Amino acid sequence: MPEPFPVGAKRTWAIQIASGAFALLFALSPIAAQPPNDLPPPMPDGRMFGHLPYAEAARTDLLAAPPGFAVGLPCLIHRDAAPDLTRMLAAAAATPGVGKSLHGVSCFRSVTRQRAVFCRNSKPGTCPDPVRRAHSVGPPGYSEHATGYALDFGVRPSPGCADVDACIATTVTGRWLLAHAPEYGFELSFPAGNAQGVTWEPWHWRWVGTTVNALGAARARLTFSRARSAFPGNPRVSDVSDAWLTPPPVVPTLQSPAMRPPAVLPPPVVPTLQPPITRQPTVLPPPVLGTTAPRDS
Numbered sequence: 268m269p270e271p272f273p274v275g276a277k278r279t280w281a282i283q284i285a286s287g288a289f290a291l292l293f294a295l296s297p298i299a300a301q302p303p304n305d306l307p308p309p310m311p312d313g314r315m316f317g318h319l320p321y322a323e324a325a326r327t328d329l330l331a332a333p334p335g336f337a338v339g340l341p342c343l344i345h346r347d348a349a350p351d352l353t354r355m356l357a358a359a360a361a362t363p364g365v366g367k368s369l370h371g372v373s374c375f376r377s378v379t380r381q382r383a384v385f386c387r388n389s390k391p392g393t394c395p396d397p398v399r400r401a402h403s404v405g406p407p408g409y410s411e412h413a414t415g416y417a418l419d420f421g422v423r424p425s426p427g428c429a430d431v432d433a434c435i436a437t438t439v440t441g442r443w444l445l446a447h448a449p450e451y452g453f454e455l456s457f458p459a460g461n462a463q464g465v466t467w468e469p470w471h472w473r474w475v476g477t478t479v480n481a482l483g484a485a486r487a488r489l490t491f492s493r494a495r496s497a498f499p500g501n502p503r504v505s506d507v508s509d510a511w512l513t514p515p516p517v518v519p520t521l522q523s524p525a526m527r528p529p530a531v532l533p534p535p536v537v538p539t540l541q542p543p544i545t546r547q548p549t550v551l552p553p554p555v556l557g558t559t560a561p562r563d564s
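If you're matching positions, the sequence shown starts at 268 in the working numbering and goes up one per residue.
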């Protein structure tokens, strides 16, 4: 079985996860998502152009990705996602036809960096055509990349298929990713036809852990709870914790007999008593006295 990375590099990577030495180079507190003043205010539900808001990860939560993984700029990822990413890269490297072709095109992005990407490095105060741009890129303060859990994967070498292009799904490596990424805690954030109005992005994956009991998974799932509930990924990671995303039905509270209020009965209907009828005395006619006949003497 081929080694996905040199032994020395793997050892250094493990030490970084354990000690967090790399993360100590940065500031300590997360940065809340704040849109720049050259973009419109968010929608009433808090979204901007369909994208949900995300805070910027604390620098202490970020680590350098495994050596050889990043393409172009250095790749920082959330420390909780690091073990599963390492396992997935090792599995890919051991798969015939895939090997070490899976790489990271874009990883953690600060809100400042996201603005440069979204506005195409325009001068301050200008951001051309933000509505059209939001179909494929999150506005600053509204990108999953700010959390450190999201990764844009690419393939190297990949002749004829540019980075961040749907053609990755037609490559051997891209098909392997679609089939196996959920086994390592990753789910596709923007499937085809998603309700957020974002283009299908088979290269963009977010880490939520294989189960809610995985180290850091509960925190990641809390970060993406609204996205996973209202706009679920596909392929996605599914387990018992998904029930938490839907409020349980309201069940009427049953009271014990002792707690029930007494029944209120209507007052009894008392019949109205009629006064006794006073009858007039019967007047009898005087007796008829017969004529007394004279007696014979």
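C-beta: ideal position from N, C-alpha, C; glycine also.
Since we're looking at a predicted model, the values are computed, not measured.
- By the criterion of a C-beta distance shorter than 7 Å, D506 is surrounded in its chain by T478, V479, once the five residues flanking it on both sides are discounted.
- Counting every other CB atom within 10 Å of its CB across the protein chains shown gives S410 a total of 16 or more, marking it as buried.
- According to DSSP, residue pairing for S377 in a beta bridge does not occur.
- In the same chain as T466, and ignoring 5 residues on each side of it, the C-beta atoms closer than 6 Å to its own belong to H402, S403, in chain order.
- Spatial neighbours of G421 in its own chain (CB-CB distance under 6 Å, excluding positions within 5 residues in sequence) are listed in chain order as V338, H370, V372, D430.
- Using a Cβ distance threshold of 7 Å, P406 and L306 count as a contacting pair.
- With respect to the 7 Å criterion, W474 and G452 are classified as neighbours on the basis of their beta carbons.
- G415 is positioned such that its CB atom lies closer than 7 Å to that of L329.
- W443 sits close to V365, with the two beta carbons spaced by under 7 Å.
- Secondary structure of L445 (DSSP, three-state): helix.
- Distances from the CA of A348 to each of K367, P309, C374 were compared; the closest alpha carbon is that of C374.
- If one requires a minimum length of 3 residues, the beta strand (DSSP E) runs lying completely within the region 399–450 are 417–422, in chain order.
- Ranked by how close their Cα comes to the Cα of T379, the residues E323, T438, Q463 have E323 in first place.
- Between C434 and L343, the alpha-carbon positions lie close to 25 Å from each other.
- Residue pairing of R473 in beta bridges, as defined by DSSP: A417, E454.
- In the DSSP assignment, L489 falls within the alpha helix (DSSP H) that extends over 484–490.
- Under the three-state reduction of DSSP output, M315 falls in the strand class.
- Taking C-beta atoms as the reference points, G500 and E468 fail to come closer than 7 Å.
- Shown here for G441: same chain residues with a beta carbon closer than 7 Å to its own, the five before and five after excluded, namely V422, I435, P469 in chain order.
- A direct Cα-Cα distance of roughly 11 Å separates A331 from L340.
- In the structure shown, L330 adopts extended strand secondary structure according to DSSP, grouped into three states.
- At the C-beta level, G464 and G317 come within 7 Å of one another.
- Selection T362, P363, F498, P552 evaluated against F457 yields F498 as nearest (Cα-Cα).
- DSSP links E468 through a beta bridge to no other residue.
- DSSP places V384 within a helical segment (H, G or I) once states are collapsed to three.
- F385 places its beta carbon less than 7 Å from that of R400.
- When rounded, the separation of the alpha-carbon atoms in A459 and R354 is 27 Å.
- Pairing R486 with P533, the inter-Cα distance amounts to about 57 Å.
- A residue is called buried when at least 16 other Cβ atoms come within 10 angstroms of its Cβ; P424 does not meet this threshold and is exposed.
- Minimum Cα-Cα distance from D351 among the listed residues P391, T437, H447 corresponds to H447.
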